[in-house]
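A.B. asks: Can you keep this structure in mind? I'll have questions shortly.
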Amino acid sequence: MNENLSKLYIPKHVGIIMDGNGRWAKKRGMPRSVGHKYGAENFRKITRYISKTGVKILTLYAFSTENWKRPMEEVNALMKLFYQYLVDSLTDFREDDIKVVFIGDRSAFNPKLVELINETEEVAKDRKGMLLNIAMNYGARDEILRAVKSLCSDVKDNKINIDDITCDDISSRLYTGGEPDPDLIIRTGGENRLSNFMLYQAAYSEFYSTDTLWPDFKADDFDKAIIEFNKRNRRYGGV
Ligand code: IPE
Ligand code: IPE
Ligand code: MG
Numbered sequence: 419m420n421e422n423l424s425k426l427y428i429p430k431h432v433g434i435i436m437d438g439n440g441r442w443a444k445k446r447g448m449p450r451s452v453g454h455k456y457g458a459e460n461f462r463k464i465t466r467y468i469s470k471t472g473v474k475i476l477t478l479y480a481f482s483t484e485n486w487k488r489p490m491e492e493v494n495a496l497m498k499l500f501y502q503y504l505v506d507s508l509t510d511f512r513e514d515d516i517k518v519v520f521i522g523d524r525s526a527f528n529p530k531l532v533e534l535i536n537e538t539e540e541v542a543k544d545r546k547g548m549l550l551n552i553a554m555n556y557g558a559r560d561e562i563l564r565a566v567k568s569l570c571s572d573v574k575d576n577k578i579n580i581d582d583i584t585c586d587d588i589s590s591r592l593y594t595g596g597e598p599d600p601d602l603i604i605r606t607g608g609e610n611r612l613s614n615f616m617l618y619q620a621a622y623s624e625f626y627s628t629d630t631l632w633p634d635f636k637a638d639d640f641d642k643a644i645i646e647f648n649k650r651n652r653r654y655g656g657v
């Protein structure tokens, strides 16, 4: 771990919206898919680094429920990369004792990819290191809709009364059920929006946006985000 961080408070849960792969490639006169390849490479490196900083949960936004709108060639290139990098990351993540979980609707993926996703989770299930949530075909509205449906079904089956439903009942039905909300959400690529990422969980997350494009986001950039996070005064509506 970088000594920059040794005296700082390390957030328990960090979310990262990994944006800017396409622009990174365009700046270099290369196809967007090349940006995704470098982005995937960076995903492996930065995850290993973050796992050593003391962060307990890292949620990485890799593919949104809206990203299917992209040209077919780009979606196909991304799916191929997910497959390749999952295979490659397995060894790294084992060495670092990282527990990998996928959040989002995996049923939309090719069966071979679904099999690899399931297998990756299975081999990692007893690991004690950082929890890595990879958000793939993830959308917060879809996640909230699922929670609502699950609650409606419990009401219908008389398992819960409408008047007894609490915010915790909603939280526990999200993909991140049982996990603390993200303390810090980092977005690379310069946009200042959530793009359907953790809308429910982000109620009091600190937001950090950097112009750095995802393939260029390195350990030092992560450290900068932590330094900035340590300057924030989280009031949660109090004084
Ligand atoms: C983020 O990079 C990766 C995914 C959304 C899959 P983009 O592909 O959105 O890159 P830009 O924002 O177009 O540069
Ligand atoms: C957000 O990036 C989704 C991921 C990083 C996976 P987008 O590039 O899809 O977001 P918009 O379109 O700029 O809002
Ligand atoms: Mg983008």
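Under the working numbering, the residues of the sequence shown are numbered 419 to 657, in order. Even glycine gets a Cβ: it sits at the ideal position worked out from N, Cα and C. Remember, it's a predicted structure, so these values are computed and weren't measured experimentally.
Taking the alpha helix (DSSP H) that K574 belongs to, which residues open and close that run?
C.D. replies: A558 to K574 is the span of the alpha helix (DSSP H), which, as asked, contains K574.
A.B. asks: Roughly how many angstroms lie between the CA atoms of L478 and K445, to the nearest whole one?
C.D. replies: Computed Cα separation, rounded: 24 angstroms.
A.B. asks: Could you tell me whether the Cβ atoms of L550 and K498 are closer together than 8 angstroms?
C.D. replies: Not closer than 8 angstroms, so no.
A.B. asks: Given 7 angstroms as the limit, tell me if G607 has its C-beta closer than that to any heavy atom belonging to ligand 3.
C.D. replies: For ligand 3, at least one heavy atom lies less than 7 angstroms from the Cβ of G607.
A.B. asks: From S571 to A565, what distance separates their C-alpha atoms?
C.D. replies: Distance between the alpha carbons of S571 and A565 is about 10 angstroms.
A.B. asks: Buried or exposed: which applies to G457, given that a residue is buried once 16 or more other Cβ atoms fall within 10 Å of its Cβ?
C.D. replies: That one is buried.
A.B. asks: Could you check whether the region 621 to 628 touches the region 446 to 454, counting it as contact only if at least three pairs of C-beta atoms, one from each stretch, sit closer than 8 angstroms?
C.D. replies: With a cut-off of 8 angstroms, the region 446 to 454 and the region 621 to 628 do not count as touching, because too few Cβ pairs lie within range.
A.B. asks: Measure the beta-carbon distance from A480 to M554 and round it to whole angstroms, keeping in mind my assumption that it falls under 8 angstroms.
C.D. replies: The Cβ separation is near 5 angstroms, so the contact holds.
A.B. asks: Take S507 and list the residues in its own chain whose beta-carbon comes closer than 6 angstroms to its own, dropping the five residues that flank it on each side.
C.D. replies: Closer than 6 angstroms at the Cβ level, and outside the excluded window around S507, lie R462.
A.B. asks: Return the CA-CA distance between G557 and L592, expressed in angstroms with no decimal places.
C.D. replies: Straight-line Cα distance between these residues: approximately 11 angstroms.
A.B. asks: Closest to V532 by CA distance: which of E609, F500 and D599 is it?
C.D. replies: Minimum Cα distance to V532 is reached at F500.
A.B. asks: Between G608 and the rest of its own chain, which residues show a CB-CB distance below 6 angstroms, the 5 nearest in sequence each way excluded?
C.D. replies: Hits under 6 angstroms: D629.
A.B. asks: Taking Cβ positions, are Y467 and A637 nearer each other than 8 angstroms?
C.D. replies: The answer is yes: Cβ separation under 8 angstroms.
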